[in-house]
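Heads up: the structure comes next, in structure tokens.
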Amino acid sequence: MQQLAVEREYPEHSRKFRKKAALLSALAMGLGQIYNKQYTKGILLLAFYAYGIFTAITSLPHALWALATLGETETHLKKVGRLYKQVMGDHSIFLMIEGLITVFIMLVLIWMYIASIKDAYRTGKLREEGIQPNTFKQTLSFVAAYRFPHIVLAIPLLGVVFFTVMPIIFMILVAFTDFTRDTMPPAHLINWEGLQAFKELLRNSSWSHTFYSVTIWTFVWAFFATVTGYFGGFAAALLVQQKGIRFRAFWRTAFILPFAIPMFVSTLILRNIFNGQFGPVNQYLGMLGISKAPWLSDPLWAKITLILANFWLTFPVSMLMIIGILSTIPKDMYEAADIDGASGFQKTRLITFPMVMFSMAPLIIMQFVGNINNFNIVYLLTNGKPLNGDFQFAGHTDILITWLFKLSMEQGKYNYASVIGIFIFIVLSAFAIWNVRRTKAFKEEEAS
Amino acid sequence: MAKKLGLLALCMMLMFALAACGGKPGSGNAETGNAAANAGGEATAEATEELTPEPGAQLTFWTIKDDFTNYAAAEFEKKYGIKVTVEDVAYWDSVARLTTDGPAGTGADVLGINNDGLGGAVKAGVVLPNDYFEEETKSINRKMAVDASTIDGILYGYPRNVYTYSLYVNKDLVKDTKLDTWDDIIAFSKKYNDVKNNKYGFMFEGSNAFYDVAFMTGYGGYVFGSGETDPHDIGVNNEGSVQGMKFFQTLREIMPLKLSDATRDVKTGLWESGKLAINMDGSWNIGNYGKLPFKVEVIPLPAMPGGKEPIVLAGNTSYYVSSYSKYPNAAKIFASFITSKEMQIKDNQMTGIIPAAEGIDNDPSIRKDAIMQGFFKQMKNSQMMSNRTEMEYFWNYMGPAFDDIWNGADVKATLDKAAEGMKSSIEAK
Numbered sequence: 000m001q002q003l004a005v006e007r008e009y010p011e012h013s014r015k016f017r018k019k020a021a022l023l024s025a026l027a028m029g030l031g032q033i034y035n036k037q038y039t040k041g042i043l044l045l046a047f048y049a050y051g052i053f054t055a056i057t058s059l060p061h062a063l064w065a066l067a068t069l070g071e072t073e074t075h076l077k078k079v080g081r082l083y084k085q086v087m088g089d090h091s092i093f094l095m096i097e098g099l100i101t102v103f104i105m106l107v108l109i110w111m112y113i114a115s116i117k118d119a120y121r122t123g124k125l126r127e128e129g130i131q132p133n134t135f136k137q138t139l140s141f142v143a144a145y146r147f148p149h150i151v152l153a154i155p156l157l158g159v160v161f162f163t164v165m166p167i168i169f170m171i172l173v174a175f176t177d178f179t180r181d182t183m184p185p186a187h188l189i190n191w192e193g194l195q196a197f198k199e200l201l202r203n204s205s206w207s208h209t210f211y212s213v214t215i216w217t218f219v220w221a222f223f224a225t226v227t228g229y230f231g232g233f234a235a236a237l238l239v240q241q242k243g244i245r246f247r248a249f250w251r252t253a254f255i256l257p258f259a260i261p262m263f264v265s266t267l268i269l270r271n272i273f274n275g276q277f278g279p280v281n282q283y284l285g286m287l288g289i290s291k292a293p294w295l296s297d298p299l300w301a302k303i304t305l306i307l308a309n310f311w312l313t314f315p316v317s318m319l320m321i322i323g324i325l326s327t328i329p330k331d332m333y334e335a336a337d338i339d340g341a342s343g344f345q346k347t348r349l350i351t352f353p354m355v356m357f358s359m360a361p362l363i364i365m366q367f368v369g370n371i372n373n374f375n376i377v378y379l380l381t382n383g384k385p386l387n388g389d390f391q392f393a394g395h396t397d398i399l400i401t402w403l404f405k406l407s408m409e410q411g412k413y414n415y416a417s418v419i420g421i422f423i424f425i426v427l428s429a430f431a432i433w434n435v436r437r438t439k440a441f442k443e444e445e446a447s
Numbered sequence: 000m001a002k003k004l005g006l007l008a009l010c011m012m013l014m015f016a017l018a019a020c021g022g023k024p025g026s027g028n029a030e031t032g033n034a035a036a037n038a039g040g041e042a043t044a045e046a047t048e049e050l051t052p053e054p055g056a057q058l059t060f061w062t063i064k065d066d067f068t069n070y071a072a073a074e075f076e077k078k079y080g081i082k083v084t085v086e087d088v089a090y091w092d093s094v095a096r097l098t099t100d101g102p103a104g105t106g107a108d109v110l111g112i113n114n115d116g117l118g119g120a121v122k123a124g125v126v127l128p129n130d131y132f133e134e135e136t137k138s139i140n141r142k143m144a145v146d147a148s149t150i151d152g153i154l155y156g157y158p159r160n161v162y163t164y165s166l167y168v169n170k171d172l173v174k175d176t177k178l179d180t181w182d183d184i185i186a187f188s189k190k191y192n193d194v195k196n197n198k199y200g201f202m203f204e205g206s207n208a209f210y211d212v213a214f215m216t217g218y219g220g221y222v223f224g225s226g227e228t229d230p231h232d233i234g235v236n237n238e239g240s241v242q243g244m245k246f247f248q249t250l251r252e253i254m255p256l257k258l259s260d261a262t263r264d265v266k267t268g269l270w271e272s273g274k275l276a277i278n279m280d281g282s283w284n285i286g287n288y289g290k291l292p293f294k295v296e297v298i299p300l301p302a303m304p305g306g307k308e309p310i311v312l313a314g315n316t317s318y319y320v321s322s323y324s325k326y327p328n329a330a331k332i333f334a335s336f337i338t339s340k341e342m343q344i345k346d347n348q349m350t351g352i353i354p355a356a357e358g359i360d361n362d363p364s365i366r367k368d369a370i371m372q373g374f375f376k377q378m379k380n381s382q383m384m385s386n387r388t389e390m391e392y393f394w395n396y397m398g399p400a401f402d403d404i405w406n407g408a409d410v411k412a413t414l415d416k417a418a419e420g421m422k423s424s425i426e427a428k
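Each protein sequence line maps, in turn, to chains Z and H. Numbered according to numbering that gives the first Met the number 0, the first sequence spans residues 0 to 447. Numbered according to numbering that gives the first Met the number 0, the second sequence spans residues 0 to 428.
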């Protein structure tokens with residue numbers, strides 16, 4: 000009712016402001032603003048509009064052509080007299096990137112265009128209501144006072160778009176091409192191949208066998224790596240924090256040492272320590288009369304060694320975090336349990352464990368996700384070895400990310416590597432989203 | 000109100016965006032400009048057959064930096080007045096770097112590549128053929144080095160050196176023991192081996208298939224036919240290879256280890272501490288192993304039992320001119336200059352490489368030590384590894400096969416399976 004009353008206060012003829020402003024803005028971005036007497040803003044927008052039209056005419060057709068064909072002229076050598084000359088043709092990869100950037104800029108400009116129409120419409124409506132539109136100066140001071148964080152955030156946002164989103168889109172696009180070392184630009188053109196690489200990896204027997212085996216091992220590895228690291232840390236934390244333990248600080252420092260040494264140094268050392276013939280571990284075992292273990296040369300042993308080494312390098316972090324959580328558990332719970340005659344094991348199982356799990360669950364999931372992508376330790380400790388003749392460019396202990404690395408950096412099969420990249424991306428983002436939701440659920444639980 | 004301000008914020012943001020990448024959409028034009036400049040270069044090359052360096056040329060040179068490369072760059076500057084910046088880029092990384100740095104304009108003009116990387120470089124079109132100095136290069140260098148720098152009949156490289164592997168012998172341990180056949184080595188090792196104390200008569204890095212090939216070739220095995228150039232003729236499972244691999248299996252008797260445990264670290268450690276008598280290793284260690292506190296000699300791989308002498312794999316390092324170079328003429332002159340006969344001799348004296356140049360093994364200025372001469376002998380029994388990209392399938396399938404055979408798998412079946420894998424991968428290309 001209130002609204003009706005307001006509308007009636009203004010004469011009919013003044014109501015066309017908003018329509019006219021919106022129409023003018025639709026005609027050319029900025030005209031509506033000028034019509035609304037916001038001259039500086041209007042001219043600024045008009046300049047963007049001009050730039051947009053210019054880009055659309057000069058670059059967009061080229062960009063669309065580039066994305067659709069990925070280039071048409073091949074680079075080739077031409078012999079002139081005694082000398083060869085390289086006649087440069089199209090470079091598919093650059094064409095793809097440039098095309099993507101142009102399309103991105105166009106999308107942003109179109110978004111701006113729509114926003115400016117909306118803005119003209121709104122300002123027009125304000126004028127109808129008799130409110131003076133903001134001058135440019137007022138707008139600026141308002142922005143500086145109230146919208147400053149948005150402006151500052153816009154810069155990293157741009158970074159995200161151009162350095163994170165763009166490369167991901169580029170990677171996804173590569174999976175649909177025939178980009179390998181044999182079609183390496185500039186000498187060759189890359190072609191769109193559709194789902195060929197996906198089909199090869201998921202259906203073709205030798206590739207799919209590798210893919211599925213490596214995937215299964217990746218998850219098995221991530222599971223055991225996380226669980227051993229976590230429970231190892233838990234056990235160490237319980238022992239260190241136990242009543243009556245002396246030199247607590249000393250134990251804590253001693254246990255944190257493996258973590259304090261840069262991981263790649265310790266990993267490279269471990270690689271020699273576990274050498275089947277010359278490594279100290281087997282030498283000592285030999286002295287004790289125990290037969291030598293093929294730590295890194297037998298597929299199953301290599302996998303176990305990997306998990307053991309990872310346990311050794313990661314349990315200190317879990318231990319430190321769990322020590323922190325243990326100190327937050329109220330003492331009276333244990334006292335009450337003591338009065339009820341609970342054993343030490345019962346106290347751990349029914350009080351300590353649930354309390355720690357409650358805080359640690361999201362972190363464990365993140366550790367699991369991290370272990371799926373734990374390139375360092377696998378690459379440095381075993382480098383995927385022992386070799387496996389049944390696999391395509393992967394060894395027994397290769398996980399997806401190291402296989403991806405080998406395929407792209409060593410074998411130049413960029414399209415297959417991209418398919419694996421997409422797969423890893425999907426798995427990781429699924430876990431990340433799930434984890435964020437869980438965390439939120441926790442917060443609500445605490446609030447209620 | 001908020002919406003309007005949001006719009007303004009967006010404007011600001013866009014201004015950053017456009018300022019940041021305003022040049023991008025137009026860079027396609029810049030490339031066509033580049034092509035036009037190239038076309039201009041063609042015209043001048045046609046007019047004059049004399050190769051003159053471009054005025055104002057300066058070169059970036061990717062190689063493994065050592066005394067020699069610095070010396071050569073300085074000499075070149077003295078002679079031609081062209082500044083050469085030497086950057087440390089390994090021969091096996093240079094191609095990958097050039098494919099990204101070249102188009103960006105920050106790549107090298109002249110770069111070193113090992114012959115196993117040449118196939119990829121040519122496929123990617125990042126190196127120019129050696130056209131102007133072709134005759135000269137062919138006349139001064141060993142045929143194997145020239146062939147290793149050639150793909151599909153076009154010579155690309157300016158060979159610098161060749162490398163291979165052979166037997167380094169610790170004379171203090173071996174003394175006067177006869178090492179003329181593999182049987183001699185086996186006999187010596189059996190006597191000398193003391194596994195408990197990590198003393199070994201003979202050791203090689205078997206987890207690297209590069210070294211294992213030696214045992215395949217003694218009875219007539221090979222990787223690719225027609226002198227390692229025909230990837231459709233695979234010889235890894237022929238009769239000779241099978242026989243050779245059966246012999247390879249018997250070596251476990253004197254090297255009772257898993258191949259993956261005989262790593263380079265371990266082997267080098269044992270060798271340098273004088274616990275390893277015969278060390279099969281590469282010529283790139285000539286410099287290091289020449290300075291050890293015991294007497295070192297190099298002997299070629301001896302004959303197989305009842306067979307011929309094995310042919311070891313060899314490699315070659317050559318310099319190449321980048322196809323992205325702004326000064327291709329100057330780059331060609333430099334590549335030719337640094338690989339001339341005199342420079343190769345100088346390189347041999349300063350760093351101990353095996354020169355690619357022919358007929359200088361007896362040159363008075365070449366290093367005369369027993370290590371160098373051993374390698375010169377071994378070079379006669381060597382075969383360049385293929386520079387074709389198909390070689391990747393050899394490493395991929397034969398690596399595990401050598402491992403399985405060493406661990407006692409059936410030789411014929413394992414080799415057949417690996418050969419089948421190589422064949423199907425090569426056909427599928």
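Heads up, the beta-carbon is just placed ideally off N, CA and C, and yes, glycines get one too.
- The DSSP-derived three-state label of Z:Gln276 is coil.
- In terms of beta-carbon proximity, Z:Tyr83 lines the interface with chain H, with at least one pair separated by less than 8 angstroms.
- Inter-residue distance for H:Phe401 and H:Ala417 is about 10 angstroms (C-alpha atoms, whole angstroms).
- A Cβ of chain H is located within less than 8 angstroms of the beta carbon of Z:Asp181.
- Contact between H:Ala313 and H:Met384 holds, since their C-beta atoms are separated by about 7 angstroms, short of 8 angstroms.
- Between H:Ala72 and H:Val88, the C-beta gap is not smaller than 8 angstroms, which leaves the two residues out of contact.
- For a Cβ distance threshold of 7 angstroms, residue set Gly388 of chain Z lies close to H:Ala400, ordered along the chain.
- Going by beta carbons, H:Ala95 and H:Tyr319 fall outside the 8 angstroms limit.
- Taking the Cβ atoms as the reference, Z:Ala20 lies roughly 4 angstroms from Z:Gly123, within the contact range of under 8 angstroms.
- Proximity of Z:Thr74 to chain H, defined by a Cβ-Cβ separation below 8 angstroms, is satisfied.
- Chain-order list of chain Z residues neighbouring H:Ala417: Gly388, by C-beta distance under 7 angstroms.
- Z:Asn434 has a beta carbon lying at 8 angstroms or more from every beta carbon in chain H.
- The DSSP-derived three-state label of Z:Asp177 is coil.
- Counted as a single uninterrupted DSSP element, the alpha helix (DSSP H) harbouring Z:Ile338 occupies residues Lys330 to Ile338.
- In this model, H:Tyr221 and H:Asp403 are separated by some 19 angstroms (Cα to Cα).
- Per DSSP, H:Arg159 is one residue of the beta strand (DSSP E) stretching across Tyr157 to Asn169.
- Contact with chain H is absent for Z:Ala335, since none of that chain's Cβ atoms lies less than 8 angstroms from the residue's Cβ.
- In this structure, the beta-carbon distance from H:Thr316 to H:Asn69 does not fall below 8 angstroms.
- Here the alpha carbons of Z:Arg180 and H:Val125 stand approximately 12 angstroms from one another.
- Per DSSP, H:Asn287 is one residue of the alpha helix (DSSP H) stretching across Ile285 to Tyr288.
- Secondary structure of Z:Ile376 (DSSP, three-state): helix.
- H:Thr388 counts as buried, since no fewer than 16 other beta carbons sit within 10 angstroms of its beta carbon.
- At least one CB atom of chain Z sits nearer than 8 angstroms to the CB of H:Ala123.
- Here the alpha carbons of H:Val297 and H:Lys379 stand approximately 14 angstroms from one another.
- Minimum Cα-Cα distance from H:Lys245 among the listed residues H:Gly234, H:Phe187, H:Ala261 and H:Pro304 corresponds to H:Pro304.
- The straight-line gap separating the alpha-carbon atoms of Z:Phe175 and Z:Ile167 is approximately 13 angstroms.
- Under the 10 Å beta carbon count, H:Ala427 is surrounded by fewer than 16 other beta carbons and is classified as exposed.
- DSSP places H:Ile277 in the uninterrupted beta strand (DSSP E) bounded by Leu275 to Gly281.
- Straight through space, the alpha carbons of H:Ile277 and H:Lys257 are spaced by roughly 18 angstroms.
- Around H:Asn197, the beta-carbon contacts reaching into chain Z at under 7 angstroms are Phe277.
- Straight-line measurement puts the Cα of Z:Ile154 at about 16 angstroms from the Cα of Z:Met165.
- Going by beta carbons, H:Gly116 and H:Ser321 fall outside the 8 angstroms limit.
- Using a CB distance below 9 angstroms, the part of the segment 232 to 257 of chain H facing chain Z consists of Pro255, Leu256 and Lys257, ordered along the chain.
- For chain Z, the residues of the segment 89 to 116 of chain H that bring a beta carbon within less than 9 angstroms of one of its beta carbons are Ala95, Thr98, Gly101 and Pro102, in chain order.
- In this structure, the CA atom of Z:Phe258 is about 12 angstroms from the CA atom of Z:Gly232.
- At the C-beta level, H:Ser259 and Z:Lys384 come within 8 angstroms of one another.
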